[in-house]
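Reading through the structure tokens given below for one structure.
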Amino acid sequence: MSGSKVAERVAAAVAGDRSLEIARKVLEIEASAIEGLIGQLGEEFTEAVRRMRDCRGRVVCTGMGKSGHVMKKVAATLSSTGTPALFIHPAEAIHGDLGMIVPGDVVLAASSSGGTEELLKMIDVLHRRGVPLIAITGTARSTIAERADLHLSAAIDQEACPLNLAPTASTTATLALGDALAMALLEARGFTLEDFATLHPGGELGRRLMTVEQVMHRGDSLPRVRLEASLREALFEMTEKSFGITAVIDDAGGLCGVISDGDLRRLLNTEPAVGAGGGAFLDRSVRHDMTPDPKTIPADALVTVALEAMERHRITSLFITGEDGRLRGLVHIHDLWGLRRK
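Here the working numbering is used: position 286 in the sequence shown is 291, and no number is missing along the way.
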């Protein structure tokens, strides 16, 4: 093996020995950068939240290079938490995409140096069109910071790069500040769990935020018998619908109670007529043996809430009723377990 190859392997081994040390140092520096933002927050942050909340249009996020990648994520986070937002690349903006910015918008621009040429060219146009600019920079004395309507400081002591060159701690700080803005806006807008569910219909989040109405059984698949029905009819209904339970409803469709296969098994063990070979008890009305006031859940409840309720009460089914008390559907625990496994 040549001397150069040996040297390369030795260098690689040394680097490998220091990898954990370097990783820990990077995380320490970046954690310190985020912690340092806390003391830099002030009235301008509050004003920035107010302007973004009250703007009639969108929050237009922009930035070059690594800052641009960060601002794409900030735009996505804002949009998904109730604040309409989009990302515009500064270089594309000054070559025609500035037309995407319309009256009522607010621009949120990030530049660690505060002197990004493309952003400076954008600012000239923004000022002429009366579009407010909120700038995130690493220094308040930068050109962009001074020309912005509002400036948010993302100053750091050092980059996590051993050469103090590659954007690392600075981009982490910008990202964290963007998240802080998004969460403050979420709170200011009164954004709810239901709003979040509306904006996240797909993927794991979508499954977790589905409502009971989206998965409940209804119509002909819904097990139900009238108050005048016999236990025998209830047994047939449970067997046909295969849920191990049936609702008991009145003439108006209101939920009066439930009969489960467990109820019938207990009756089989306690009724003396059964032991004597009879079965007359199966002919009596369900109203005498049903469980009144069963556990129910509204149709707009999240499936996670339904699953938690079933596990807490140790039941396998929940009936869904409307505000008028009428039966609307049924959700079974197997339906929800299936969603959790996907």
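Note that the Cβ used here is the ideal one computed from N, Cα and C, for glycine as well.
What do you get for residue i, buried or exposed, if any count of 16 or more other CB atoms within 10 angstroms of its CB means buried?
i      : result
VAL107 : exposed
SER247 : exposed
SER24  : exposed
PRO228 : buried
SER226 : exposed
ALA90  : buried
GLY119 : buried
GLY87  : buried
HIS337 : buried
GLY73  : buried
LEU32  : exposed
ILE27  : exposed
THR251 : buried
Who pairs with residue i in a beta bridge, going by DSSP?
i      : result
SER235 : SER290
VAL136 : None; VAL136 has no bridge partner.
THR301 : PHE324
ALA96  : In DSSP, ALA96 forms no bridge with anything.
ARG229 : ALA252
LEU307 : THR216
THR142 : SER116 and SER158
ARG331 : GLY259
GLY183 : Partner(s): none; GLY183 has no beta bridge.
SER265 : ILE250
LEU91  : VAL65
THR350 : In the structure as shown, the chain begins at 6 and stops at 347. Residue 350 is therefore absent and cannot be evaluated.
HIS222 : LEU335
THR296 : VAL263
Could you check how far apart the C-beta atoms of residue i and residue j are, in whole angstroms? I think they sit under 8 Å.
i      : j      : result
GLU242 : VAL230 : 5 Å
ASP268 : THR296 : 7 Å
ALA304 : GLY262 : Not confirmed; about 20 Å, so no contact.
ILE320 : THR301 : About 11 Å; that fails the 8 Å criterion.
ALA187 : LEU83  : 5 Å
Give every residue of the same chain whose Cβ lies closer than 7 Å to the Cβ of residue i, excluding the five residues on either side of it in the sequence, and list them in chain order.
i      : result
ALA193 : VAL54 and ARG58
GLU123 : MET69, PRO95, ALA96 and ILE99
GLU233 : SER290
ALA160 : GLN45, GLY143 and THR144
GLY258 : ARG331 and LEU332
MET105 : ILE93
LEU131 : VAL112 and LEU138
ARG223 : ARG333 and GLY334
ALA171 : GLU164
ILE39  : THR177, ALA178 and ALA181
Taking 6 Å as the limit between beta carbons, can you name the residues of its chain near residue i, skipping five residues before and five after?
i      : result
ASN169 : GLN163
ILE139 : ALA53, LEU113 and LEU155
THR173 : GLU164, ALA165 and CYS166
VAL111 : ARG56, MET57, CYS60, VAL64 and PRO137
ALA150 : GLY119, ALA140, THR142 and HIS156
ASP102 : ILE93
LYS30  : none
ALA189 : VAL54
Residue i: which of the options sits nearest, CA to CA?
i      : options                           : result
TRP342 : SER322, THR326 and PRO303         : SER322
LEU182 : ARG237, ALA171, SER117 and LYS30  : SER117
LEU272 : ASP288, GLY259 and MET188         : ASP288
HIS318 : PRO299, CYS66 and VAL111          : PRO299
THR179 : MET105, ARG333 and ALA80          : ALA80
ILE34  : GLY143, SER265 and SER175         : SER175
GLY135 : ALA153, ARG292 and THR82          : ALA153
SER37  : ALA171, THR177 and ILE27          : THR177
ASP184 : ASP294, GLY62 and SER85           : SER85
LYS77  : LEU103, ALA115, GLY47 and GLY109  : ALA115
LEU236 : ASP200, ASN274, PHE286 and ILE250 : PHE286
VAL220 : ALA311, ARG270, LYS71 and ARG133  : ALA311
ALA128 : VAL75, THR67 and GLY109           : A quick correction: the sequence has Ile, not Ala, at residue 128. Comparing Cα positions, the closest option is THR67.
At least one CB of chain D closer than 8 Å to the CB of residue i: is that the case?
i      : result
SER118 : Absence of chain D from the displayed structure is noted, only one protein chain being present.
Nearer than 7 Å: is that true of the beta carbon of residue i relative to any heavy atom of the ligand SAH?
i     : result
THR86 : Absence of the ligand SAH from the depicted structure is noted, as is the absence of any ligand whatsoever, leaving it without description.
Using a Cβ-Cβ cut-off of 8 Å (strictly less than) and excluding sequence neighbours within five positions of residue i, which residues of its own chain qualify?
i      : result
ILE148 : A small correction: the amino acid at residue 148 is Thr; Ile does not occupy that position in the sequence shown. If we look at THR148 and ignore the five residues flanking it on each side, its Cβ neighbours are GLY119, GLY120 and LEU125.
VAL253 : ARG229, VAL230, ARG231, LEU232, ALA234, ALA239, LEU260, CYS261, GLY262, VAL263, ILE264, VAL291, ARG292 and MET295
GLY62  : PRO89, VAL107, PRO108, GLY109, ASP110 and VAL111
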